[in-house]
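Asks: Got a structure here, written out as structure tokens. Questions coming.
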Amino acid sequence: MVLNASQIKRLDHLKSLSNPSILVQRADRLGDAIFISPVIEQLHEVFPNATINLLTSSVGCELFYHHPYIKSIRICRSEVLTDWASWFQEVQFLKQQGYDAYVSLWNHPRLAWLGFAANIPIRCGDSSSLILAICYNHSASLPWANATYHQTHYNSLVLSGLGIKKHSVNRSIYPDPASYQAQYEYWKQVISLEKTVVILCGTGGSSDPIPSQSIIEWLTTSNHLHSYHVILVGQLNHSDPLTSFSSNNVWNKINQTTLAELITLIDLADVVIGGDTGPSHIASFLNKPLIFYSPLKTQLPSAWGPLSDYAVIIRYDYLTYSDNPTPLIKQLDEAFYNLTRNSNLHIAKTEEEKHHRLLKYSIRVLTIERSHLPFNNDDLSCFKELQNQGLVLFKLTLSRIWIFQLFSIINIIRQRNITVIMAHTLPAGLLWIIRFTMGTIFQYRKPIFVSLAKLLPYNLSDLWSILKTKTW
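Below, the structure written as structure tokens:
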């Protein structure tokens, strides 16, 4: 992003201040709040003398009370998002604080307008919504349709409006030291075995948890848990069978932990198992070995997945009942065995390796050949090699009168969660129809086209490089 003269002038003034004040806003769920930690690190690196304050929800505030770069935290009441009187009160409060810059990381309309209404000189946010773009004078348009971006990358891209292009990989969490030490001593007295597994039950968010019955069946049938102490945590309805579940070496703490206690338990665990939810993201930021259950088609691991060195992702998004998918209990057992006995199978040390692992569990490819122009041996060898490297790939043959296959094509794309279409050429209009149908009619991510002519090497990393540069 190239800054204009006015933006450069405002930034130069901000940098000239001896103690500029910056307000960072992310006022929604726990998992979303966790992902702003690298942004705070970046802001401190560029503006080391700045006072950084945080506007967040009552759910996310506990994560930042002891953050070394956060001066103060203001909890955004839910009424601010629904009641105009409360919103105007918040505007008046922010005006009194005299902030020099506002970084809005949740593009909720009322939160986007906060900085504008409070007359904060520099307002940084996502301008992909034209209605909200006028709220910001240092905006960046985020490529939300791009399936290769992680949520931490999106947050960092917002900072390009401030001329910050470097992406921070610092994913630190700062629990209360005194509380952590007290809980550490307590947990160690209670836990009888050396190794522990923490299972995160329920989500409380927008994803689906690991089914309670599957957890119970796995705990009662697995042969790999004998040397582990299992701790059940999370929030569930009291009628859920897991809330009353008990067994040897199982410590049931469902509906009984504070966030500080939960962070301590996760940090002390040898393995964490959970769905696509805030506590799983905490485990990821603490770099815990993680089994990550991601069942929803719309929530790609490439955007929300784990960034731990050791992680296994369980995902059914491209399977149908006719495929006879492996039962979840068996997948859990295999994932746990491999993570604890063959951990090198699932190691990703560098940021690039972690990113590629997430893409492998997110990108689903449909290859399309024409009946009169079938794939050659080189094409088939390429597909086979990519599949051996972990790519999920399906093949479709188009007849000369392809219009009669249109319903079948759309059905395959929806069922198989297709994000990429590969071919040498497509009939005129077919790609437009597919993208229009998926994007406009079904309100879903539109598949992109990759020409096989560009995929000369048989390496999966080359495909990822191509996808990063495509316009989705």
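First residue of the sequence shown: 1063, per our numbering; consecutive thereafter. Just so it is clear, CB atoms sit at the ideal spot from N, CA and C, and this is done for glycine as well.
1) Pick helix, strand or coil for F1398, following the three-state DSSP scheme.
2) Considering only residues of the same chain and omitting the five flanking positions on each side of I1528, which have a CB-CB separation below 8 Å?
3) Rounded to a whole number of angstroms, what is the C-alpha to C-alpha distance between I1391 and I1325?
4) In angstroms, rounded to a whole number, what distance separates the CA positions of F1100 and D1162?
5) Could you give the residue range of the alpha helix (DSSP H) that holds V1064?
6) Please classify N1199: does DSSP put it in a helix, a strand, or coil?
7) Taking three-plus beta-carbon pairs below 8 Å as touching, is the stretch 1437 to 1456 in contact with the stretch 1504 to 1511?
8) Is V1334 helix, strand or coil by DSSP?
9) Of all the options G1367, H1128, N1199, N1208, which has the alpha carbon lying nearest to the alpha carbon of T1533?
10) Which residues bound the beta strand (DSSP E) around F1354?
11) Can you confirm whether the stretch 1382 to 1389 touches the stretch 1431 to 1445 when touching is taken to mean that 3 or more C-beta pairs between the two stretches lie within less than 8 Å?
12) May I ask you to verify whether the stretch 1219 to 1231 touches the stretch 1311 to 1331, counting CB pairs closer than 8 Å and requiring at least 3?
13) Taking the straight line between their C-alpha atoms, what separation do you get for Q1158 and N1111?
14) What residues are listed by DSSP as bridge partners for Y1236?
15) So the beta strand (DSSP E) N1115 belongs to, where does it begin and stop?
16) Identify which residue in S1078, Y1246, R1136 has its Cα closest to the Cα of L1117.
17) Which term fits K1416, buried or exposed, when burial requires 16 or more other beta carbons within 10 angstroms of its beta carbon?
18) Going by DSSP in three states, D1440 sits in which element: helix, strand or coil?
19) What do you get for T1429, buried or exposed, if any count of 16 or more other CB atoms within 10 angstroms of its CB means buried?
20) Reducing DSSP to helix, strand and coil, say where L1381 ends up.
21) Measuring straight from C-alpha to C-alpha, what distance separates A1322 and P1351?
22) Run through DSSP, which three-state label would N1314 get?
23) Could you give the first and the last residue of the continuous beta strand (DSSP E) run that contains T1258?
24) Quick one: what's got a C-beta closer than 8 Å to E1181's C-beta in the same chain, skipping five residues either side?
25) Within the stretch 1461 to 1528, note down every full alpha helix (DSSP H) run reaching 4 residues or more, in order along the chain.
26) Let me check understanding here. Comparing Cα to Cα, which of L1420, S1308, T1339 lies closest to P1535?
27) Give the C-beta separation of I1114 and I1102 to the nearest angstrom, bearing in mind that I take them to be a contact with Cβ-Cβ under 8 Å.
28) Counting along the chain, where does the alpha helix (DSSP H) carrying I1147 start and finish?
29) Which residues does DSSP list as the beta-bridge partners of I1375?
30) Tell me the rounded alpha-carbon separation between Y1520 and K1422.
31) Compare the Cα-Cα distances from I1376 to each of T1144, P1357, V1108 and report the closest residue.
32) Could you check which residue in W1280, Q1243, A1244 has the C-alpha nearest to that of I1261?
33) Looking only at DSSP bridge pairs, what is C1138 linked to?
34) With a Cβ-Cβ cutoff of 8 Å, do I1472 and T1499 count as a contact?
35) One question on the structure: do S1093 and G1340 come within less than 8 Å of each other, judged by their Cβ atoms?
36) Taking all protein chains shown into account, decide if S1424 is buried (16 or more other Cβ within 10 angstroms of its Cβ) or exposed.
Replies: On the basis of the coordinates in this document:
1) If DSSP states are grouped into helix, strand and coil, F1398 belongs with the helices.
2) V1512, K1516, L1517
3) 26 Å
4) Per the sequence shown, residue 1100 should be read as Pro rather than Phe. Looking at the two C-alpha atoms, the distance is approximately 21 Å.
5) No alpha helix (DSSP H) contains V1064, which DSSP labels as neither H nor E.
6) coil
7) no
8) strand
9) N1208
10) 1352 to 1355
11) With fewer than three CB-CB distances shorter than 8 Å, the stretch 1431 to 1445 does not count as touching the stretch 1382 to 1389.
12) no
13) 21 Å
14) According to DSSP, which records beta bridges pairwise, Y1236 is partnered with nothing at all.
15) 1113 to 1118
16) Of the candidates S1078, Y1246, R1136, the residue whose Cα lies closest to the Cα of L1117 is R1136.
17) buried
18) helix
19) buried
20) Here DSSP, grouped into helix, strand and coil, assigns L1381 to coil.
21) 20 Å
22) strand
23) 1257 to 1263
24) Per the sequence shown, the amino acid found at residue 1181 is Asn instead of Glu. For N1181, where only same-chain residues beyond five positions count, the Cβ hits under 8 Å are K1157.
25) 1468 to 1477, 1492 to 1498
26) Missing from the structure shown is residue 1535; the chain here goes from 1063 to 1534 and no further.
27) 6 Å
28) According to the sequence displayed, residue 1147 carries Ala and not Ile. 1146 to 1159 is the extent of the alpha helix (DSSP H) around A1147.
29) F1354
30) 15 Å
31) P1357
32) W1280
33) In DSSP, C1138 forms no bridge with anything.
34) Yes, the Cβ-Cβ distance between I1472 and T1499 is below 8 Å.
35) In the sequence as displayed, the identity of residue 1093 is Gly instead of Ser. Taking a C-beta distance under 8 Å as the contact criterion, G1093 and G1340 qualify as a contact pair.
36) buried
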